[in-house]
Each structure stands twice: as C-alpha cells, then as structure tokens.
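Written below as structure tokens is the structure these notes are about.
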Amino acid sequence: MKKRIAILISGRGSNMMALIEAARAPGYPADIALVVSNRPHAPGLERARAAGLEALAIDHKDFATREAFDDAVDAALREEGIDLICQAGFMRIQSAAFATRWLGRQINIHPSLLPSFKGLHPQQQALDAGVRIAGCTVHYVTPELDAGPIIAQAAVPVLPGDTAATLADRILTAEHKLYPLALRLVASGEAALDGGRVLLQGGVNQPDCLMSPSPSADW
Ligand code: GRF
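Below, the structure is given as structure tokens:
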C-alpha cells in the first residue's frame with residue numbers, strides 16, 4: 001500500500017515538484033494526495049494544480065491563533081486520509097500540539113547540514129562561518145525548529161566567490177535529489193525512528209568522501 005502524502009508549501013514549490021515527479025514512478029512507495037499552502041498566492045499552488053493535484057490554500061491570516069490555523073490544516077489532512085506530511089519551503093512555525101500529533105509522520109527539508117545553521121538564511125550563515133562544505137538535510141519534524149532526527153543529508157562544496165544566492169542554487173539542486181530519496185526511505189519503512197535518531201535498513205548506497213577543496217592527481 002502506497003503512503004498518502006500531503007506537501008505543505010509557502011512559495012515556489014520546486015521541492016514539491018521534485019516529489020511529485022518522483023512519485024510518478026510506478027514503484028515509488030508514496031502518492032502525493034494533497035498540497036496545502038498557507039499563502040494563497042504561492043506559485044507552487046498553480047504548479048501543483050497543473051500537475052493534476054488537489055491544491056488547497058489555507059491562509060494563516062484567516063485564523064486568530066496559530067492553533068486554529070493548525071487545526072484547519074489538520075482537518076484537511078484527515079479528510080484526505082493523509083499518512084505522511086512533507087514540508088517543502090513551508091514558512092510557518094507549527095504549534096507544539098500539531099508537531100506532536102504528527103510526530104514520526106512529518107518530515108522537512110532544510111538547506112544546511114544540520115545541526116549547523118538552523119532557522120532563517122542558513123546559506124548566509126554557512127558563508128559567514130567559513131565552512132568549505134554546505135548542504136541540505138531531510139529530518140523528522142519535532143516541536144523544536146530544525147532539530148528533529150536526521151533522515152538523509154547531501155553535501156555540496158562552498159566555492160570561492162560564492163554568494164548566498166549561488167550557494168542556495170547549488171544546495172537546491174541537491175535538495176531536488178535528496179528529498180525524493182528521503183521520502184522513499186520513510187514511506188517504504190527503510191528509515192525508521194528509533195528514539196531520537198533514525199535507523200536505516202537495507203542496502204542504502206553510500207558514496208566515498210567529498211573533499212572541499214579537492215586534491216588534484218599530484219596533490
Ligand atoms: C528550500 O531551500 C527548502 O530547503 C527551504 O525553502 C526552500 C524552498 O524552496 N526550506 P522551494 O519552494 O521548494 O522551491
């Protein structure tokens with residue numbers, strides 16, 4: 001049985017599209033059943049509809065409290081029989097009650113190698129810290145922002161002359177590969193929560209190392 005997925009967005013939805021495209025493969029263990037945006041004019045809503053999906057705007061400004069907005073999202077998810085939530089550029093902090101209710105059934109992608117550079121502008125944070133390797137992380141959502149158990153990570157080099165924008169582009173390309181992989185692992189049960197960490201089962205491909213800068217043949 002394929003898992004029924006809801007994707008929560010606030011913006012352009014490029015990660016959402018990567019998930020939608022991956023889920024078209026017959027063997028993929030998840031179906032994208034619903035897209036929800038808290039911003040009615042998010043470009044991702046139209047992209048989802050153009051891909052033939054149900055896409056709802058639930059405007060957080062229509063609700064007096066964070067909890068009331070979260071309850072409306074929760075009701076929409078229950079109505080669709082959603083098994084698993086993917087946050088993809090969803091720019092709302094959730095109430096602890098919502099995050100707890102969906103604990104183990106909600107994942108997020110963040111454009112840093114967590115636990116470094118949580119919160120806003122992680123690419124600029126990485127540049128400011130002077131790291132040579134940056135990247136992205138898919139993790140379970142817990143009430144604490146960007147702090148949930150890590151499912152999968154992808155690394156990219158930070159290049160001389162990078163700006164936050166050029167680094168964000170390079171990380172985004174990696175995000176589009178990582179998120180479909182991570183969702184496959186979670187939806188198939190190959191990744192499972194074990195206390196505060198994620199256990200991976202089976203033969204997951206592993207690369208050798210990424211070095212930045214990288215040595216040439218003669219050092
Ligand atoms: C991505 O970089 C994601 O990691 C972050 O917000 C951005 C969303 O981009 N949380 P998109 O809407 O998926 O194109």
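Sequential numbering from 1 applies to the sequence shown in the working numbering.
Think of the CB as a built atom: it goes at the ideal place given N, C-alpha and C, for glycine as much as any other residue.
Cα-Cα separation, residue i to residue j
i, j, result
"T137", "L113", "6 Å"
"R92", "E67", "12 Å"
"T163", "M1", "44 Å"
"M17", "I82", "18 Å"
"K85", "G202", "Correcting the residue identity first, residue 85 is Ile in this sequence and not Lys. C-alpha separation (whole angstroms): 24 Å."
"A55", "A23", "16 Å"
"Q94", "D70", "7 Å"
"D208", "E190", "21 Å"
"A64", "A97", "16 Å"
"V35", "H139", "19 Å"
"L159", "G130", "11 Å"
"V156", "I5", "28 Å"
"D74", "S214", "47 Å"
"L172", "S14", "9 Å"
"L19", "A51", "12 Å"
"V198", "A187", "13 Å"
"T42", "N108", "Just to set this straight, residue 42 is Ala in the shown sequence, not Thr. When rounded, the distance between both Cα atoms is 18 Å."
"H60", "I150", "28 Å"
"R132", "A48", "35 Å"
"K39", "L181", "The amino acid at residue 39 is misidentified as Lys; the sequence shows Arg. Roughly 27 Å between the two C-alpha positions."
"M211", "D62", "48 Å"
"A57", "A217", "54 Å"
"R78", "D31", "15 Å"
DSSP state of residue i mapped onto helix, strand, coil
i, result
"G135", "strand"
"K118", "coil"
"H110", "strand"
"Y179", "helix"
"V73", "helix"
"D62", "helix"
"V186", "helix"
"A25", "coil"
"L103", "coil"
heavy atom of ligand 1 below 8 Å from residue i C-beta
i, result
"A134", "no"
"A168", "yes"
"A23", "no"
"L183", "no"
"A88", "yes"
"R12", "yes"
"I32", "no"
"E46", "no"
"H110", "yes"
"N38", "no"
"L172", "yes"
"M16", "yes"
"I9", "yes"
Whole-number beta carbon distance between residue j and residue i, since they are thought to touch under 8 Å
i, j, result
"Q87", "L8", "5 Å"
"E175", "P115", "At roughly 18 Å, the Cβ-Cβ gap does not stay under 8 Å, so E175 and P115 are not in contact."
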